[in-house]
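One structure is given here, and the rest of the page talks about it.
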Amino acid sequence: MQRLWLIFAQTVTVALAVLFVVSTLKPEWLPLRSGVVALQEVASSADDGKVAPLGSYREAARAALPSVVHIYTTQEIKQPRHPLFDDPIFRHFFGDRPEGQTQRNSGLGSGVIVSPNGYILTNYHVIESADDIQVSLNDSKTYKAKVIGSDPESDLAILQIKADKLPAITFGQTDNLRVGDVVLAIGNPFGVGQTVTMGIVSALGRSHLGINTFENFIQTDAAINPGNSGGALVDSEGHLVGINTAIYSRSGGSLGIGFAIPVSSARSIMEQIIRTGSVTRGWVGVEAQEITPELAESFGLPGTEGSLIAGVVRGSPADSAGIRPGDVLLSVNGKPVKDPQVMLDLIAALAPNEHAAFRLRRDKGIVELQVKIGKRPAMRAERE
Numbered sequence: 001m002q003r004l005w006l007i008f009a010q011t012v013t014v015a016l017a018v019l020f021v022v023s024t025l026k027p028e029w030l031p032l033r034s035g036v037v038a039l040q041e042v043a044s045s046a047d048d049g050k051v052a053p054l055g056s057y058r059e060a061a062r063a064a065l066p067s068v069v070h071i072y073t074t075q076e077i078k079q080p081r082h083p084l085f086d087d088p089i090f091r092h093f094f095g096d097r098p099e100g101q102t103q104r105n106s107g108l109g110s111g112v113i114v115s116p117n118g119y120i121l122t123n124y125h126v127i128e129s130a131d132d133i134q135v136s137l138n139d140s141k142t143y144k145a146k147v148i149g150s151d152p153e154s155d156l157a158i159l160q161i162k163a164d165k166l167p168a169i170t171f172g173q174t175d176n177l178r179v180g181d182v183v184l185a186i187g188n189p190f191g192v193g194q195t196v197t198m199g200i201v202s203a204l205g206r207s208h209l210g211i212n213t214f215e216n217f218i219q220t221d222a223a224i225n226p227g228n229s230g231g232a233l234v235d236s237e238g239h240l241v242g243i244n245t246a247i248y249s250r251s252g253g254s255l256g257i258g259f260a261i262p263v264s265s266a267r268s269i270m271e272q273i274i275r276t277g278s279v280t281r282g283w284v285g286v287e288a289q290e291i292t293p294e295l296a297e298s299f300g301l302p303g304t305e306g307s308l309i310a311g312v313v314r315g316s317p318a319d320s321a322g323i324r325p326g327d328v329l330l331s332v333n334g335k336p337v338k339d340p341q342v343m344l345d346l347i348a349a350l351a352p353n354e355h356a357a358f359r360l361r362r363d364k365g366i367v368e369l370q371v372k373i374g375k376r377p378a379m380r381a382e383r384e
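The sequence shown: position 329 = 329 (the UniProt record's numbering), numbered continuously.
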């Protein structure tokens, strides 16, 4: 028995010695160490950008960043001449003075490449009244841009630069977007350079904000600051879901309430502008008013649903169809009208010369009218 124990002890000692030598000189020969080396290689490849760590949005940013551009604008503004220079006595002693001097104002914003052949989608207020527009790509190449068309009522504009094979962004599906989804805002805040911020979708369908005539915003808490306007709001896969447009702020900085135009609306407007140079919307020529509980009681209405017709433009489609001030519009082509904003959106979506069924409450009865839709007059160039 003693001999067996001696043999066992010697065998264990030799095995441990061999294991020590192999683990020191040739660790890859050991199965356990091979697994550790493999894990180290995976970690190394993740550091190299080949495999993203759990919870990282680097792939989404990598996909979208090349498609977001910086926009620099300049505008020449003529300063008014001082009134004293128009006084004959002053001119007698001091002579004529030149007309008011001019100075150049500069602005900055962002844009999104939507086509490989140079079309760029941005906000109208980014390029409004600009005399010169320069676009800087992600690779620092700079091009002079021209305005293809704009739509002040939705605050969108299309630019084009003379370049091809550009990295156009992939459009996402805003119908699939839900509150709580992760989104990334990409732009050029304060001119510091391309920046990515992360947040979630805080709300959908925001309107009645007084920012644009037509409003249907995505609200997000991703940090958006001056210079982000016109930049991309992308989902967790790097697909475009919105165009960053405005922030709610009392200080000029981000307070976690930003608004973006859904890509579904932006794409429709973009396609119209590229095709025709402008956006065509329906119009009937009425002035609408929200129905408050006090107005509902005054007019003897059963509730506040609908849009009160406060005025009718003479000779307009509404006038020709027989709509009168005091009518309450209840539906357009069977779609309920909840308030004046919904009425505006429903009518704007109709094509000019198309006939639409208007259901109205007049006095205590219901009136059905067929209205031939007109073309909405173009908004003046200056931003309201």
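Here a beta-carbon is modelled for each residue, glycine too, at the ideal position from N, C-alpha and C.
C-alpha gap between Y72 and F190, whole angstroms | Walking along the sequence shown from the start, residue 72 turns up at place 72. Walking along the sequence shown from the start, residue 190 turns up at place 190. If you take the alpha carbons of Y72 and F190, they lie about 12 Å apart.
Assuming V196 contacts S136 (C-beta within less than 8 Å), just tell me the rounded distance between them.
-> As a first step, residue 196 must be located in the sequence shown, where it is residue number 196. As a first step, residue 136 must be located in the sequence shown, where it is residue number 136. V196 to S136, Cβ: 17 Å. No contact.
What are the start and end residues of each continuous alpha helix (DSSP H) run of 4 or more residues lying completely inside the stretch 103-178, in chain order?
-> 124-127
Assigned exposure category for F299 - 16 Cβ within 10 Å defines buried | Within the sequence shown, numbered from 1, the residue matching residue 299 stands at position 299. It counts as exposed.
Neighbour-count burial assignment, D363, 16 or more Cβ in a 10 Å radius | Against the sequence shown, residue 363 aligns to sequence position 363. Classification for D363: exposed.
Alpha carbon of E294 to alpha carbon of V313, nearest angstrom = Counted from its first residue, the sequence shown places residue 294 at position 294. Counted from its first residue, the sequence shown places residue 313 at position 313. Distance between the alpha carbons of E294 and V313: 26 Å.
Hey, could you find the ends of the beta strand (DSSP E) S202 is sitting in?
-> Locating residue 202 in the sequence shown gives position 202, counting from the first residue. 195-206 is the span of the beta strand (DSSP E), which, as asked, contains S202.
Report the three-state DSSP secondary structure of R362 (helix, strand or coil).
-> Translated into positions along the sequence shown, residue 362 becomes position 362. R362 falls in the strand class under three-state DSSP.
Buried versus exposed call for P152 [16 or more other C-beta atoms within 10 Å across all chains shown] = What you label residue 152 is simply residue 152 of the sequence shown in a count that begins at 1. With 16 or more Cβ atoms within 10 Å of its Cβ, P152 is classed as buried.
Could you tell me whether the stretch 167-184 touches the stretch 270-278, where touching means 3 or more Cβ pairs closer than 8 Å?
-> no
When we look at the beta-carbon of A60 and count the other beta-carbons within 10 Å, is it buried (16 or more) or exposed?
-> As a working note, residue 60 is residue 60 in the sequence shown. Per the 10 Å Cβ criterion, buried.
Please look up how many angstroms separate the CB atoms of I186 and F259, rounded, as I've assumed it's under 8 Å.
-> If you number the sequence shown from 1, residue 186 lands on position 186. If you number the sequence shown from 1, residue 259 lands on position 259. I186 to F259, Cβ: 16 Å. No contact.
Every unbroken beta strand (DSSP E) inside the UniProt domain "PDZ" (273-339) [3 residues or more] = 286-290, 307-312, 328-332
What span of residues does the alpha helix (DSSP H) with A61 cover, start to end?
-> As a working mapping, residue 61 is identified with position 61 in the sequence shown. Where A61 is concerned, the enclosing alpha helix (DSSP H) stretches over 58-64.
Among F171, D139, A222, G109, which residue has its Cα nearest to the Cα of A130?
-> As a position in the sequence shown, residue 130 is number 130, starting the count at 1. Per the Cα distances, G109.
Please work out which residues of its chain come closer than 6 Å, Cβ to Cβ, to Q289, disregarding the five sequence neighbours upstream and downstream, and give them in chain order.
-> In the sequence shown, residue 289 corresponds to position 289, counting from 1. Here the set comprises L308, A310.
With respect to the beta strand (DSSP E) encompassing G242, which residues constitute its N-terminal and C-terminal limits?
-> On the sequence shown, residue 242 is found 242 positions in, with the first residue counted as 1. Per DSSP, G242 belongs to the beta strand (DSSP E) from 240-247.
Under the three-state reduction of DSSP, which class applies to T73: helix, strand or coil?
-> Translated into positions along the sequence shown, residue 73 becomes position 73. Reduced to three states, the DSSP call for T73 is strand.
In the structure shown, what three-state DSSP assignment does E237 receive?
-> Position 237 of the sequence shown holds residue 237. Three-state result, E237: coil.
L32 in three-state terms, based on DSSP | Stepping through the sequence shown from its first residue, residue 32 is reached at position 32. The predicted model places L32 with a pLDDT of 44, which falls under 50 and marks its position as unreliable; any figure quoted below should be read in that light. Helix at L32.
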